[in-house]
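Asks: If you read the sequences in order, they're chains A and B.
In this text, residue positions in the first sequence follow the working numbering: the first is 1, and each later residue adds one.
In this text, residue positions in the second sequence follow the working numbering: the first is 1001, and each later residue adds one.
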Amino acid sequence: MSVAVSIPSITANKVASSVRIQLSRDDYALRIGLLTLICFLSILVILPLYSLLSKSLEDMDGNFVGLQNFHEYFQTPALLISITNSLSVAFFTALIVLVLAFIYAYALTRTKMPFRLFFRGVALIPILAPSLLAAISLIYWFGNQGVLKSWLFGASIYGPIGVIMASCFWVFPHALMILITALSTADARLYEAAEALRTPKWRIFWTVTLPGAKYGILSTGFVVFTLVITDFGVPKVIGGNFNVLATDVYKQVVGQQNFEMGAVVSLVLLLPAVAAFIADRWVQRKQIALLSARAVPFQPKSEPLRDWLLFGFCTIIAFIFLAMLGMAAYASFVTFWPYNLTLSLNNYDFDLMDGGGWEAYYNSIRMAIYCAVFGSGLIFFGSYLVEKARGIMWLRNILHMVAMMPLAVPGLVLGIAYIFFFNHPDNPLGFLYGTMGILVISTIVHFYTVSHLTCLTALKQLDPEFETVSLSLKTPVWRTFGKVTLPVCLPALLDVASYLFLNAMTTVSAVVFLYSPETMLASIAVLNMDDAGDIAPAAAMALMIVYTSAIFRLLHALLSRYLKRRTQVWRDR
Amino acid sequence: MPESKQNFLRIENLTKHFGEFVAVQDLSLEINDSEFICFLGPSGCGKTTLLRAIAGLDPQSSGRIIQAGKDISNLPPAERDFGIVFQSYALFPNLTVFQNVAYGLENQKIPKMEIREQVNDLLELVGMPEQTGKYPAQLSGGQQQRVALARALATSPGLLLLDEPLSALDARVRATLRHEIRSLHERLGVTTILVTHDQEEALSMADRIVVMNEGRIEQVGTPEEIYSTPASPFVADFIGVMNFLQGEVTTSGKVLIGENTLDCKTANISVGSKVQITVRPEDILCSVDSKKTANSFPVKVESLEFLGSFCRLILSGQDGFGKLITDLSTQQVHELNVSPETTLTAVFPELNLRVFQENS
Chain A
1 MSVAVSIPSI TANKVASSVR IQLSRDDYAL RIGLLTLICF LSILVILPLY SLLSKSLEDM
61 DGNFVGLQNF HEYFQTPALL ISITNSLSVA FFTALIVLVL AFIYAYALTR TKMPFRLFFR
121 GVALIPILAP SLLAAISLIY WFGNQGVLKS WLFGASIYGP IGVIMASCFW VFPHALMILI
181 TALSTADARL YEAAEALRTP KWRIFWTVTL PGAKYGILST GFVVFTLVIT DFGVPKVIGG
241 NFNVLATDVY KQVVGQQNFE MGAVVSLVLL LPAVAAFIAD RWVQRKQIAL LSARAVPFQP
301 KSEPLRDWLL FGFCTIIAFI FLAMLGMAAY ASFVTFWPYN LTLSLNNYDF DLMDGGGWEA
361 YYNSIRMAIY CAVFGSGLIF FGSYLVEKAR GIMWLRNILH MVAMMPLAVP GLVLGIAYIF
421 FFNHPDNPLG FLYGTMGILV ISTIVHFYTV SHLTCLTALK QLDPEFETVS LSLKTPVWRT
481 FGKVTLPVCL PALLDVASYL FLNAMTTVSA VVFLYSPETM LASIAVLNMD DAGDIAPAAA
541 MALMIVYTSA IFRLLHALLS RYLKRRTQVW RDR
Chain B
1001 MPESKQNFLR IENLTKHFGE FVAVQDLSLE INDSEFICFL GPSGCGKTTL LRAIAGLDPQ
1061 SSGRIIQAGK DISNLPPAER DFGIVFQSYA LFPNLTVFQN VAYGLENQKI PKMEIREQVN
1121 DLLELVGMPE QTGKYPAQLS GGQQQRVALA RALATSPGLL LLDEPLSALD ARVRATLRHE
1181 IRSLHERLGV TTILVTHDQE EALSMADRIV VMNEGRIEQV GTPEEIYSTP ASPFVADFIG
1241 VMNFLQGEVT TSGKVLIGEN TLDCKTANIS VGSKVQITVR PEDILCSVDS KKTANSFPVK
1301 VESLEFLGSF CRLILSGQDG FGKLITDLST QQVHELNVSP ETTLTAVFPE LNLRVFQENS
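Shown next as structure tokens:
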């Protein structure tokens, strides 16, 4: 009916008066906050990496030698083998975990299988333990004096088999969580449409379910690959003579005191981690528009045959998980494996062993609390600035970029970079070296990115107009922060604190280079006791970490529920 | 009080770029004190950009804004004088209705008793006196928007900005709130700017409407002016239903459409120019009388659509007329005994035809 009306071409009258909005006190405060945090993170992430890089280009006396160290490295066959070993172990673990975790996640999210909550809880157990626990447990099951040694048909658990098995165990929950998220966000309308077109079940799976979870699957692959290739606890304990990049770094630095070569190997280790990080970022960006706001949530229906088959599968996996944990727990109480199987608390008498004693355990708790308190505060404040500071998009983008970097840096690499950076005689921050402070800082930085993203997600759920409304009501920014933003984001903040606590309890990678005799940690004590042949006390200490983490998780759950009841009443309609 | 009733808010040569994209193009506008103004236009026409520039949220690239005699172009939002209501309500979810409304008052060192009184008055004003203890999630959309309105009015701003406040509500609530916002405005007399893409909303609420398209003003006028004397084909098409006829001026006062000539005011459009003629559906007079009078042409009924109190007819005319829409009352349809394929005579009264020169 209507006729297209051509619009006369616009001739712009350029008006001279340019507009420059004056900054309010709040704007200044936020800008100063942004700059401070950027400086802070740059000093703790970028500068250490720079000193790592420059170390790799120096000889023992600190002279610049260009790529000579790299040349030497690639001339050493023993070291080169580690690259292949690392890549293949990471690849096979990723493949196995992807398949198992996908089926497990599918059973949890898309079926009416009984005991789903129980299965979910069991699969998350490894998060409470350091990666070493799995390796120690495997030694008791399949090691030289293992209960089920014969099941390996003469193959040795000390080597790639053990590394892959233990890695599968400890990365499983990480894979599972991503896949559960990917599979929970399904649009029921797609399934209804497919069924209305009389599509067979397997075809719906291939054409709707899998494509819907595609990005989650890819992301899981990258995450698992990176976790395994950068983990050093498992290969250290159960790798035997099977060398990987992560253990090479440790051996070069701690064993041979060859810092330059250590720097070279950690840079080699950085490559696959950065590659996986970039690939993962790329995948995440594609995922954004997948689920529209109008999607109808998918409600699984019960299908007895499928549900019971998956129940069987999940039971087996859960049984293995409990067996892993159970064996370590049992062994920790056995007086002298395998000759004296009477139960005692001898192995928990840490003060009688090398490895730091009970002090290490208390140090760990102290460090975990510091990380949880200071880390979550700092990270939440940072993400608030990234999300809410007005104008100055470029500064916010810089902070966000710096905040994303730690995810690409393996803990081991971060730790070694910190040695070079903080140990440098000219560094005014050198006083931190060997203190509790550097352990806390390195741990917060190491786990910065995931926490940052969690806070960011919570902040993004707030209406962006809250700040606008506050401005129009002449309310200072800090008041809205305290009265609205913080209370609404409190659950996310607690999650971050809990995440930092658990990781601080279990981490080995960065801190293994940074602890001093006074700041020995429980997770490192596990490593050292195992190294000294005290496997049972190592298991006992690992179990102490598990118990502590579990209790903390419980407290976190209770506190969350209490706070929810007190401050989040508004969530209930 | 502003120094003059005439222009409480003056916008001078305002331009806003987003990179290469020009969202608002050299726009000037004056808004009177206590006036209810609507910015109306399709999405992407720059109406929200203009509103956000007035609030200082997305400052303009160039141009000046003068409010109550004071140049506010460079002021941050917190130092400007406005209250704002959004389509998303933007109520603080963890605060009760009372706390939301009191939010802006609590900064002003007002005694608690007085705040309580003011908040209760405001909630009464927006028709929500009973719900002070509830949280936003416990309210319906319409109720939330009332609270948002009370919150915006709490600090007695000189200017009330409403950014598509009714678009998220369902039709019935929208109609009620439309009426209530209008009567609230009449009681309080606060200068109000409403941004909307809904012409019905603009026509029913505004003192004056600013019709915008592609970052420029197409027309400013009262609802009646905008509807009955659109200044451009865009306005004619955007507001209400409109028929367009393509033609060419043959002599002054005559336009050739296909093979027929239509009498209409061509003003000073030169002979030979291509023109568009617009006519509202209700302005086409239909009869069964086949006598030829001025501007009368035979048309055939293609289809008719029953719309309650009236029927909408799709007519096909002779060459050049194409398809036409006209509305007849249900009674007329019976009297004329209209059904598809019926032939009628359509009269296009000269007074109701508007002629626009087509841009080459």
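Ideal placement from N, C-alpha and C gives every residue a C-beta, glycine not left out.
Quick check on Cys-39 of chain A: buried or exposed, where buried means 16 or more other Cβ atoms within 10 Å of its Cβ?
Replies: Burial call: exposed.
Asks: With respect to the beta strand (DSSP E) encompassing Pro-1298 of chain B, which residues constitute its N-terminal and C-terminal limits?
Replies: First-last of the beta strand (DSSP E) with Pro-1298 of chain B: 1296 to 1306.
Asks: Taking a Cβ distance cut-off of 7 angstroms, strictly less, list which residues of the region 402 to 432 of chain A are near chain B, in chain order.
Replies: Listed by position, the residues of the region 402 to 432 of chain A near chain B (Cβ gap below 7 angstroms) amount to none.
Asks: For Glu-465 of chain A, which residues in chain B fall below 7 angstroms Cβ to Cβ?
Replies: Here the neighbours are Phe-1086, Ser-1088 and Ala-1090.
Asks: Please tell me whether Leu-176 of chain A and Ala-101 of chain A are closer than 8 angstroms, where the distance is taken between their beta carbons.
Replies: It is a contact, given that the beta carbons lie within the stated cut-off.
Asks: Whose C-alpha, out of B:Ser-1028, B:Asp-1058 and B:Ser-1034, is nearest the C-alpha of Phe-1018 of chain B?
Replies: The residue with the shortest Cα to Cα distance from Phe-1018 of chain B is B:Asp-1058.
Asks: What is the residue span of the alpha helix (DSSP H) that Val-1147 of chain B lies within?
Replies: Segment 1141 to 1154, the alpha helix (DSSP H) holding Val-1147 of chain B.
Asks: With a 10 Å radius around its C-beta and 16 neighbouring C-beta atoms as the bar for buried, classify Ser-9 of chain A as buried or exposed.
Replies: In this predicted model, Ser-9 of chain A has a pLDDT of only 37, less than 50, meaning its place in the structure is not dependable; the value taken from the coordinates is given anyway. Result: exposed.
Asks: Do you know how far the Cα of Phe-1310 of chain B is from the Cα of Ser-1329 of chain B?
Replies: For Ser-1329 of chain B and Phe-1310 of chain B, the distance between alpha carbons rounds to 4 angstroms.
Asks: According to DSSP, simplified to helix, strand and coil, what is Lys-1112 of chain B?
Replies: Lys-1112 of chain B: helix per DSSP, three-state reduction.
Asks: Determine, for Asp-27 of chain A, whether the minimum Cβ-Cβ distance to residues of chain B falls below 8 angstroms.
Replies: For Asp-27 of chain A, the answer is yes, since a Cβ of chain B falls inside 8 angstroms of its Cβ.
Asks: According to DSSP, simplified to helix, strand and coil, what is Ser-1232 of chain B?
Replies: If DSSP states are grouped into helix, strand and coil, Ser-1232 of chain B belongs with coil.
Asks: Compute the Euclidean distance between the alpha carbons of Pro-476 of chain A and Ile-178 of chain A, then round it to the nearest angstrom.
Replies: Roughly 38 angstroms separates the two Cα atoms.
Asks: Which stretch, first to last residue, makes up the beta strand (DSSP E) that contains Asn-69 of chain A?
Replies: First-last for Asn-69 of chain A: 68 to 74, but that is the alpha helix (DSSP H), not the beta strand (DSSP E).
Asks: If you drop the 5 nearest sequence neighbours on each side, which residues of the same chain put their C-beta closer than 8 angstroms to that of Ser-2 of chain A?
Replies: Residue confidence for Ser-2 of chain A is low, a pLDDT of 38 falling below 50, so the modelled location carries little weight and cannot support an answer.
Asks: Out of A:Leu-453, A:Met-541 and A:Ile-21, point me to the one whose CA is closest to Asn-1074 of chain B's CA.
Replies: Of the listed residues, the one whose Cα sits closest to Asn-1074 of chain B is A:Ile-21.
Asks: With a threshold of 8 angstroms between beta-carbons, can Asn-1094 of chain B be considered close to chain A, or not?
Replies: Cβ-Cβ to chain A under 8 angstroms: yes for Asn-1094 of chain B.
Asks: Kindly list the residues whose CB is nearer than 8 angstroms to the CB of Gln-1025 of chain B, restricted to its own chain and excluding five residues on each side of it in sequence; keep chain order.
Replies: Excluding sequence neighbours, Gln-1025 of chain B sits near Thr-1015, Gly-1046, Glu-1214, Gly-1215 and Arg-1216.
Asks: So within the region 1199 to 1255 of chain B, which uninterrupted alpha helix (DSSP H) runs reach at least 4 residues, ignoring any that extend past its ends?
Replies: Within the region 1199 to 1255 of chain B, the complete alpha helix (DSSP H) runs of at least 4 residues are 1199 to 1205, 1223 to 1228 and 1233 to 1238.
Asks: If we cut at 8 angstroms on Cβ distances, does Gly-1056 of chain B have a partner in chain A?
Replies: Yes, Gly-1056 of chain B counts as interfacial toward chain A.
Asks: Quick one: Cα of Thr-1345 of chain B to Cα of Arg-1280 of chain B, how far?
Replies: Roughly 16 angstroms separates the two Cα atoms.
Asks: Under a three-way DSSP split, which group does Ile-1066 of chain B fall into?
Replies: In this structure, Ile-1066 of chain B counts as strand in the three-state DSSP scheme.
Asks: Taking only three categories from DSSP, how would you classify Asp-637 of chain A?
Replies: Chain A is shown from 1 up to 573; residue 637 of chain A falls before or after that span and cannot be answered.
Asks: Could you check where the beta strand (DSSP E) with Asn-1007 of chain B kicks off and where it finishes?
Replies: From DSSP, Asn-1007 of chain B is part of no beta strand (DSSP E); its letter is neither H nor E.
Asks: Please state whether the Cβ-Cβ distance between Val-1173 of chain B and Leu-1091 of chain B is less than 8 angstroms.
Replies: Going by C-beta atoms, Val-1173 of chain B is not nearer than 8 angstroms to Leu-1091 of chain B.
Asks: For Leu-34 of chain A, count the other beta carbons within 10 Å of its own beta carbon; 16 or more makes it buried, fewer makes it exposed. Which is it?
Replies: Classification of Leu-34 of chain A: buried, given that the 10 Å Cβ count is 16 or more.
Asks: Under 8 angstroms between C-beta atoms, does Lys-564 of chain A make it to chain B?
Replies: No, because no Cβ of chain B sits closer than 8 angstroms to the Cβ of Lys-564 of chain A.
Asks: For Gly-1308 of chain B, is the classification buried or exposed, using 16 other Cβ atoms within 10 angstroms of its Cβ as the cut-off for buried?
Replies: Answer is exposed; the Cβ neighbour count stays below 16.
Asks: What does Pro-487 of chain A reach in chain B if we use C-beta pairs closer than 7 angstroms?
Replies: The answer, in chain order, is Asn-1094.
Asks: Roughly how many whole angstroms lie between the Cα atoms of Ala-29 of chain A and Pro-425 of chain A?
Replies: Distance between the alpha carbons of Ala-29 of chain A and Pro-425 of chain A is about 34 angstroms.
Asks: Between A:Leu-453, A:Met-529 and A:Asp-531, which has its C-alpha nearest Val-496 of chain A's C-alpha?
Replies: Among A:Leu-453, A:Met-529 and A:Asp-531, the Cα nearest to that of Val-496 of chain A belongs to A:Leu-453.
Asks: Leaving out five residues on either side along the sequence, give the residues of the same chain with a beta carbon under 7 angstroms from the beta carbon of Val-253 of chain A.
Replies: Excluding residues within five positions, the ones whose Cβ falls inside 7 angstroms are Phe-259, Gly-262, Ile-416 and Phe-513.
Asks: Under DSSP, the alpha helix (DSSP H) around Ile-139 of chain A begins and ends at which residues?
Replies: Note, Ile-139 of chain A: alpha helix (DSSP H), 132 to 142.
Asks: Residues in the region 496 to 525 of chain A with C-beta within 9 angstroms of chain B's C-beta atoms, listed in sequence order?
Replies: From the region 496 to 525 of chain A, no residue has a Cβ closer than 9 angstroms to chain B.
Asks: From A:Ala-276, A:Gln-75, A:Gly-434 and A:His-556, pick the residue whose C-alpha is nearest to that of Met-405 of chain A; which is it?
Replies: Of A:Ala-276, A:Gln-75, A:Gly-434 and A:His-556, the residue nearest in Cα terms is A:Ala-276.
Asks: To the nearest angstrom, how far is it from the Cα of Leu-490 of chain A to the Cα of Val-484 of chain A?
Replies: Answer to the nearest angstrom: the Cα atoms are 10 angstroms apart.
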